[in-house]
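Visitor: First, the structure itself, so that you have it in front of you.
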Amino acid sequence: MSTAVIERIKKEIASLEVGNEAKEIGTVISVADGIAEIEGLQSAQMMEMVAFDTAGGQSLKDAIESGESPLGLILNLEEETVKVVILGGGDSVKEGMTVKRTGKLLSIPVGEDIVGRVVNPLGEPLDDRGAIKADEDMPIERVAFGVMERSSVNEPIHTGIKAIDSMIPIGRGQRELIIGDRGTGKTTIAIDTIINQKYEPKEKRPICIYVAIGQKQSKTANIVRTLEEAGAMEYTVVVSTSASEASPILFLAPFAGVAIAEYFMLKGRDVVVVFDDLSKHAVAYRQMSLLLRRPPGREAYPGDIFYLHSRLLERSAKLSKELGGGSITALPIIETQEGDVSAYIPTNVISITDGQIFLEMDLFNKGVRPALNVGISVSRVGSSAQTKAMKKVAGKIRLELAQFRELEAFMQFAADLDDDTKKRIENGRKFTELLKQRRNQPIAFHKQVLMLYAANNGIMDGAPVENVSAIEEKYVAFVERDRKNLLDTIEKEQSFTDEDAAKMDVAIADFKDTHSDLYTSK
Amino acid sequence: MLSKSYAIATYDAMLDGLQPKDVLARLDTVLEKRGHQKLRTSIYAQLRKYEALRESSETPVVTVAKEGDFKRLKTAISAALDTTGAGEGHTKDVVDERLTGGFIVRHKNTEVDASYRTKLLSLYQKSISY
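The listed protein sequences correspond, in order, to chains A and B.
Per my numbering, the first sequence starts with residue -4, numbered consecutively.
Per my numbering, the second sequence starts with residue 99, numbered consecutively.
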């Protein structure tokens, strides 16, 4: 034990006072399914923490051995009683037990040391790396910042995914929903976004928070390992709740994530929070509400299911300069069944967020990965959240792909089409191929700009579709090797001049000359 | 749920001043009329629970670790009784050596916990979190 810790304990002992403070208490009258009904506690507040006095009736030695008293969260205030969800260690709560008010609303201890750690929604570490030094207790529930305290979203979050950064750009402070069936790559998009932040300069790099809600522990462990291998855990916090945990803990998880995010946002930092996924969150809230005997509504969800997600997501914001200019960007994930985006929870969250990224199973099975349907995906912030460089190159792709989608139905008759239509189809197929990307390999935005400029200016002309990936890989390596200052300029200035454009045209021509093998069919 | 509703209604009737014997007789009549005789046992169990809760909350309870502490801590206990709204009057005195030292005063829904056990436990839990 370090000297500092010993000194702290000495101070605690010296200031130990056996006080005379009266506290309001209650008595447990029933316990079932993780919900305790308590009589007394007349002045208790909604969302207040209470402590179950498991030490009552035990000696000091037994009380120490039985561990910390479980806490509860007041969620129902009724006429004669209050209903409390037990947070962990519910087996030790018995009928007749005394319950004490803490006077505190539920909060999570947060500090700089939480970055790089895996925690549960109560802030307790799960990664066996010791206690986390906390600077502050952040409230789990909090009113979102008002209109006048915010500023407009105008700075990009680069996901490293070409299709998103070019056509569905996300800004710092935006809420962008990722929606699709199981196994379509929703979590992959979120993880790639987190990994891609390592390309941001340290002073502007956002803190990333991945909230696993009711996920398999093996999946969360894989994600943590992927982030560690990519060097992303240095700036990431993982809030983990597994599928085997009680519904109140799953209910708290995303709120804990956004409370941690607010700590950093209020210090002027940018934060990205991934909620994976809110469908499971809704199910957990439904379960908890039914156990609390709240009246069920549509699909047995409680009446305030919309408010649950709206108050969570409204806490994402871009703050004004006066408040430090920090931001929280939310990437909530929703899982659909059979592509049904008109179901209850998906439509709720779609109406709350500032855009959605649709992933389709058909596209995934055809090998288009990420399986984004760019036609129906949208970002309501749009090009306000794009760098000047990306704005210059991204406009044409959307148009090409839109025309390609219209003509796709005619592809089976390709032999009977006019040359112009055949060319559009060919271009569309090449752009679709260009937008494919390997998993967990995000691409820095300046390389994306380089490649998209080249694609718009003829680098794919004359090449068969199957060579597009190879052309992309080799062209970027070609420019990195021989014209690195061009890439550095785009990265630093986040734009390019006509002079830079001319240099890129020359690079394209040189590349085509030196790599003619890529322009012949096999 | 139904037996609890019956129990609450019956207990409220008793608290309103009606004789318990009368109230229970009327309860039996109602149960027979509605065909709910099977709930009688659980209703009576609930009523016993409510009565036990009421009794325990009416009389202030003073718990100390050693017999001699009632006298030694008289001033502090008296102040605690005032804080809980119990004031002067009859108290139920309990000796529980598991408190280690100090006292606990409980009256209705208010408690003053000045026991050494609680403070030492809190100190221990803070220490292990460092």
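We put the CB at the ideal spot given by N, CA and C, even for glycine.
Tell me which residue opens and which closes the beta strand (DSSP E) that A:PRO327 is part of.
Guide: Translated into the one-based positions of the first sequence, residue 327 of chain A becomes position 332. Element bounds for A:PRO327: 322 to 330.
Visitor: Decide if A:GLY457 is buried, meaning its Cβ has at least 16 other Cβ atoms within 10 Å, or exposed.
Guide: Residue numbering aside, residue 457 of chain A sits at position 462 when the first sequence is read from its first letter. Flag for A:GLY457 reads exposed.
Visitor: Strictly below 7 Å CB to CB, what residues from chain A border B:SER225?
Guide: Locating residue 225 of chain B in the second sequence gives position 127, counting from the first residue. Neighbours of B:SER225 on chain A, chain order: ILE4.
Visitor: Rounded C-beta distance between A:ARG310 and A:VAL253? I'm assuming under 8 Å.
Guide: Here residue 310 of chain A corresponds to residue number 315 of the first sequence, with the count starting at 1. Here residue 253 of chain A corresponds to residue number 258 of the first sequence, with the count starting at 1. So it is a contact: roughly 5 Å between Cβ atoms.
Visitor: Nearest-angstrom Cα distance between B:TYR222 and A:GLY350?
Guide: Taking the second sequence and counting its residues from 1, the one referred to as residue 222 of chain B is at position 124. Taking the first sequence and counting its residues from 1, the one referred to as residue 350 of chain A is at position 355. Spanning the two alpha carbons is a distance of roughly 50 Å.
Visitor: Does any CB atom of chain A fall closer than 7 Å to the CB of B:GLU209?
Guide: Sequence index remark: in the second sequence, residue 209 of chain B carries index 111 (1-based). Interface residue, yes.
Visitor: Let me know the secondary structure DSSP gives B:HIS134 once reduced to three states.
Guide: Along the second sequence, read from residue 1 onward, the residue named residue 134 of chain B stands at position 36. Three-state result, B:HIS134: coil.
Visitor: Along the stretch 33 to 48 of chain A, where does the CB come closer than 8 Å to a CB of chain B? Name the residues.
Guide: Correct list: GLU34, GLY35, LEU36 and GLN37.
Visitor: Compute the distance between the beta-carbons of A:ILE163 and A:SER374, then report whether it is under 7 Å.
Guide: Here residue 163 of chain A refers to the residue found at position 168 when the first sequence is read from its first residue. Here residue 374 of chain A refers to the residue found at position 379 when the first sequence is read from its first residue. It is a contact, given that the beta carbons lie within the stated cut-off.
Visitor: With 7 Å as the C-beta to C-beta threshold (strictly closer), list the residues of the stretch 101 to 135 of chain B near chain A in chain order.
Guide: Taking 7 Å as the Cβ-Cβ cut-off against chain A, none of the residues of the stretch 101 to 135 of chain B qualify.
Visitor: Going by other Cβ atoms of all chains shown within 10 Å of its Cβ, with 16 needed for buried, is A:ASN480 buried or exposed?
Guide: Your numbering for residue 480 of chain A matches position 485 in the first sequence. Answer is exposed; the Cβ neighbour count stays below 16.
Visitor: How would you call B:LYS136, buried or exposed, if buried means at least 16 neighbouring beta carbons within 10 angstroms?
Guide: Along the second sequence, one-based indexing puts residue 136 of chain B at 38. Exposed.
Visitor: Answer yes or no: do A:VAL204 and A:ILE255 have a C-beta to C-beta separation smaller than 7 Å?
Guide: The residue you call residue 204 of chain A lines up with position 209 of the first sequence. The residue you call residue 255 of chain A lines up with position 260 of the first sequence. Note that residue 204 of chain A is Ile in the sequence shown here, rather than Val. The answer is yes: Cβ separation under 7 Å.
Visitor: Which same chain residues end up closer than 6 Å to A:PHE246 when comparing Cβ atoms and leaving out the 5 residues on each side of it in sequence?
Guide: On the first sequence, residue 246 of chain A is found 251 positions in, with the first residue counted as 1. Here the set comprises ALA279, TYR280 and MET283.
Visitor: Note down, in chain order, every chain B residue with its Cβ under 7 Å from the Cβ of A:ILE152.
Guide: Along the first sequence, read from residue 1 onward, the residue named residue 152 of chain A stands at position 157. Going along chain B, no residue has its Cβ under 7 Å from A:ILE152, so there is no contact; the nearest lies around 35 Å.
Visitor: Candidates A:THR183, A:VAL266 and A:ILE1: which alpha carbon is nearest A:ILE198's?
Guide: The residue labelled residue 198 of chain A in the question sits at position 203 within the first sequence. Looking at the sequence shown, residue 198 of chain A is not Ile but Glu. Residue A:VAL266 is the option with its Cα nearest to A:GLU198.
Visitor: Quick one: is A:MET143 buried, meaning 16 or more other Cβ sit within 10 Å of its Cβ, or exposed?
Guide: Position 148 of the first sequence holds residue 143 of chain A. Burial call: exposed.
Visitor: Secondary structure at B:THR127, three-state DSSP: helix, strand or coil?
Guide: Start at 1 with the first residue of the second sequence, and residue 127 of chain B comes out as number 29. DSSP places B:THR127 in helix when its eight states are reduced to three.
Visitor: Just to confirm before moving on: does the CB-CB distance between A:SER64 and A:THR49 stay below 7 Å?
Guide: Mapped onto the first sequence, residue 64 of chain A falls at position 69. Mapped onto the first sequence, residue 49 of chain A falls at position 54. Their beta carbons are under 7 Å apart, which means A:SER64 touches A:THR49 by this criterion.
Visitor: Measuring only between beta-carbons, confirm whether B:ARG152 sits less than 7 Å from chain A.
Guide: Here the question's residue 152 of chain B lines up with position 54 in the second sequence. So, not an interface residue.
Visitor: A:LYS316 and A:SER147 look like a contact to me (Cβ under 8 Å); what is the Cβ gap, rounded to whole Å?
Guide: Taking the first residue of the first sequence as 1, we reach residue 316 of chain A at position 321. Taking the first residue of the first sequence as 1, we reach residue 147 of chain A at position 152. 12 Å between Cβ atoms; not a contact.
Visitor: Should A:ASN217 be labelled buried (16 or more other beta-carbon atoms within 10 Å of its own) or exposed?
Guide: If you number the first sequence from 1, residue 217 of chain A lands on position 222. Per the 10 Å Cβ criterion, exposed.
Visitor: Taking the alpha-carbon of B:ARG124 as reference, which of B:TYR104, B:SER140 and B:ARG215 has the nearest alpha-carbon?
Guide: Stepping through the second sequence from its first residue, residue 124 of chain B is reached at position 26. For B:ARG124, the nearest C-alpha among the options comes from B:TYR104.
Visitor: Examine chain B for any beta-carbon lying closer than 7 Å to the beta-carbon of A:GLU60, and answer yes or no.
Guide: Locating residue 60 of chain A in the first sequence gives position 65, counting from the first residue. Judged by the 7 Å Cβ criterion, A:GLU60 is not in contact with chain B.
Visitor: Quick check: what's the CA-CA separation for A:ARG3 versus A:LEU55?
Guide: Mapped onto the first sequence, residue 3 of chain A falls at position 8. Mapped onto the first sequence, residue 55 of chain A falls at position 60. Straight-line Cα distance between these residues: approximately 22 Å.
Visitor: Run through chain B and tell me which residues come within less than 9 Å of A:GLY83, C-beta to C-beta.
Guide: Here residue 83 of chain A is taken as the residue at index 88 of the first sequence, counted from 1. Neighbours of A:GLY83 on chain B: none; closest Cβ ~14 Å, over 9 Å.
Visitor: Give a yes or no on whether the minimum CB-CB distance between A:LEU55 and chain B is below 7 Å.
Guide: Reading the first sequence from its first residue, position 60 is the one you call residue 55 of chain A. True, the Cβ-Cβ gap to chain B drops below 7 Å.
Visitor: Quick one: list the residues of chain A neighbouring B:ARG138, beta-carbon separation under 8 Å, in chain order.
Guide: Within the second sequence, residue 138 of chain B is the residue found at index 40, counting from 1. Those within 8 Å of B:ARG138 in chain A number zero; the least Cβ separation is about 20 Å.
Visitor: Give a yes or no on whether the minimum CB-CB distance between B:TYR142 and chain A is below 7 Å.
Guide: The residue you call residue 142 of chain B lines up with position 44 of the second sequence. Not an interface residue.
Visitor: With DSSP collapsed to three states, give me the class of A:ALA207.
Guide: Taking the first residue of the first sequence as 1, we reach residue 207 of chain A at position 212. In this structure, A:ALA207 counts as strand in the three-state DSSP scheme.
Visitor: Hey, does B:LEU221 have any beta-carbon neighbour from chain A nearer than 7 Å?
Guide: Sequence index remark: in the second sequence, residue 221 of chain B carries index 123 (1-based). Yes, B:LEU221 lies at the interface with chain A (some Cβ there is under 7 Å from its Cβ).
Visitor: Please identify the residue among A:GLY319, A:GLU90, A:ASP413 and A:ASP57 whose C-alpha is closest to the C-alpha of A:MET260.
Guide: If you number the first sequence from 1, residue 260 of chain A lands on position 265. Closest by alpha carbon: A:GLY319.
Visitor: Kindly say whether B:ARG196, judged by its beta-carbon, lies nearer than 7 Å to any beta-carbon of chain A.
Guide: Translated into the one-based positions of the second sequence, residue 196 of chain B becomes position 98. Closer than 7 Å: yes.
Visitor: Taking 7 Å as the threshold (C-beta atoms), are A:VAL232 and A:VAL110 in contact?
Guide: Taking the first sequence and counting its residues from 1, the one referred to as residue 110 of chain A is at position 115. Taking the first sequence and counting its residues from 1, the one referred to as residue 232 of chain A is at position 237. Yes, Cβ-Cβ distance for A:VAL110 and A:VAL232 is below 7 Å.
Visitor: Could you tell me whether the Cβ atoms of A:PRO249 and A:LEU307 are closer together than 7 Å?
Guide: Position 254 of the first sequence holds residue 249 of chain A. Position 312 of the first sequence holds residue 307 of chain A. Yes, the Cβ-Cβ distance between A:PRO249 and A:LEU307 is below 7 Å.
Visitor: In the DSSP assignment, the alpha helix (DSSP H) including A:ASP414 goes from what residue to what residue?
Guide: Reading the first sequence from its first residue, position 419 is the one you call residue 414 of chain A. From DSSP, the alpha helix (DSSP H) with A:ASP414 extends over 414 to 429.
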